[in-house]
Amino acid sequence: MMATSSIPAAIDYLVVTARALPGLPEGTVSDGFPVGVADPAFAIGIVPYDDGDTPNDVVHAQLGAQMEREYYDIPCEIAASAGGGEEAAKTARDQAFAIYDAFVTKIRADRTLGDALQSGAALVTGMRMDQTATPDEAGRGRVCSIKFVVRCENRF
Numbered sequence: 126m127m128a129t130s131s132i133p134a135a136i137d138y139l140v141v142t143a144r145a146l147p148g149l150p151e152g153t154v155s156d157g158f159p160v161g162v163a164d165p166a167f168a169i170g171i172v173p174y175d176d177g178d179t180p181n182d183v184v185h186a187q188l189g190a191q192m193e194r195e196y197y198d199i200p201c202e203i204a205a206s207a208g209g210g211e212e213a214a215k216t217a218r219d220q221a222f223a224i225y226d227a228f229v230t231k232i233r234a235d236r237t238l239g240d241a242l243q244s245g246a247a248l249v250t251g252m253r254m255d256q257t258a259t260p261d262e263a264g265r266g267r268v269c270s271i272k273f274v275v276r277c278e279n280r281f
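Under this note's numbering, the residues of the sequence shown are numbered 126 to 281, in order.
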């Protein structure tokens, strides 16, 4: 039976790819909302406490019989923290971006997401970075959060 959407296979690929990144402790990557608190943390398919959905637009017109094209974004977030101190913000930011850079490099190397996208491509986009912004947050150390989406296009 042919799948009606590539979303499940794409998310599976992203989770496996993120969990295979070097240097990430077990339990760092969550498929959906995290079960516990990890540091660093990498959530795929959801941005905790700021969740957008994963909209899926399917296009049928002008593609011919039996053809569909779908477009969707998979939300993701990477967060890293460091204790207080002069260099804590830099430490948290460097750790978060090291994970982000490694992940983006993997997606660029396989834009089909392990063939989840049969006739399309994936692109990491929409990146926004947040750092510790209030005195209350600063009392818990320094945090850097990178939110982004993996934008997918598939034709089947």
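Glycine included, every Cβ here is placed at the ideal spot set by N, Cα and C.
As the structure is a computational prediction, the values presented were derived from the model and not from experiment.
C-alpha gap between residue i and residue j, whole angstroms
i, j, result
"Ser-206", "Phe-222", "12 angstroms"
"Asp-235", "Val-249", "12 angstroms"
"Ala-143", "Phe-167", "8 angstroms"
"Thr-237", "Arg-280", "11 angstroms"
"Gly-170", "Gly-209", "30 angstroms"
"Met-126", "Thr-257", "Here Met-126 scores only 42 on pLDDT, less than 50, and its place in the model should not be relied on; the value that follows carries that caveat. Near 48 angstroms, if we compare the C-alpha coordinates of Thr-257 and Met-126."
"Phe-228", "Arg-276", "14 angstroms"
"Gln-243", "Val-160", "32 angstroms"
"Glu-193", "Ile-136", "20 angstroms"
Neighbourhood of residue i by C-beta, 6 angstroms cutoff - its chain only, sequence neighbours within 5 removed
i, result
"Met-254", "Ile-271"
"Gly-251", "Phe-273, Val-274"
"Thr-216", "Ala-207"
"Gly-239", "Tyr-138"
"Ser-155", "Ala-168"
"Cys-269", "Ala-205, Ala-217, Arg-218, Ala-221, Gln-256"
Residue span of the beta strand (DSSP E) that contains residue i, given as start and end
i, result
"Pro-200", "194-207"
"Ile-136", "That residue, Ile-136, is in no beta strand (DSSP E); its alpha helix (DSSP H) goes 132-144."
"Thr-250", "246-256"
"Ile-271", "267-280"
"Asp-156", "154-156"
Buried versus exposed, by CB contacts within 10 Å (16 or more), residue i
i, result
"Thr-230", "exposed"
"Thr-129", "exposed"
"Ser-131", "buried"
"Gly-245", "buried"
For residue j and residue i, believed in contact at Cβ under 8 angstroms, the rounded distance
i, j, result
"Pro-147", "Gln-220", "Pro-147 to Gln-220, Cβ: 13 angstroms. No contact."
"Ile-224", "Ala-247", "Contact flag wrong, Cβ pair sits at about 18 angstroms."
"Ala-241", "Ala-145", "So it is not a contact: roughly 16 angstroms between Cβ atoms."
"Ala-204", "Arg-267", "Their Cβ separation, rounded to whole angstroms, is 11 angstroms, which puts Ala-204 and Arg-267 out of contact at 8 angstroms."
"Ile-199", "Leu-139", "7 angstroms"
"Glu-202", "Val-172", "5 angstroms"
Bounding residues of the alpha helix (DSSP H) (the contiguous stretch that carries residue i)
i, result
"Thr-216", "213-234"
Residues near residue i in its chain [Cβ-Cβ closer than 7 angstroms; skip 5 each side]
i, result
"Ala-163", "Gly-152, Thr-153"
"Val-141", "none"
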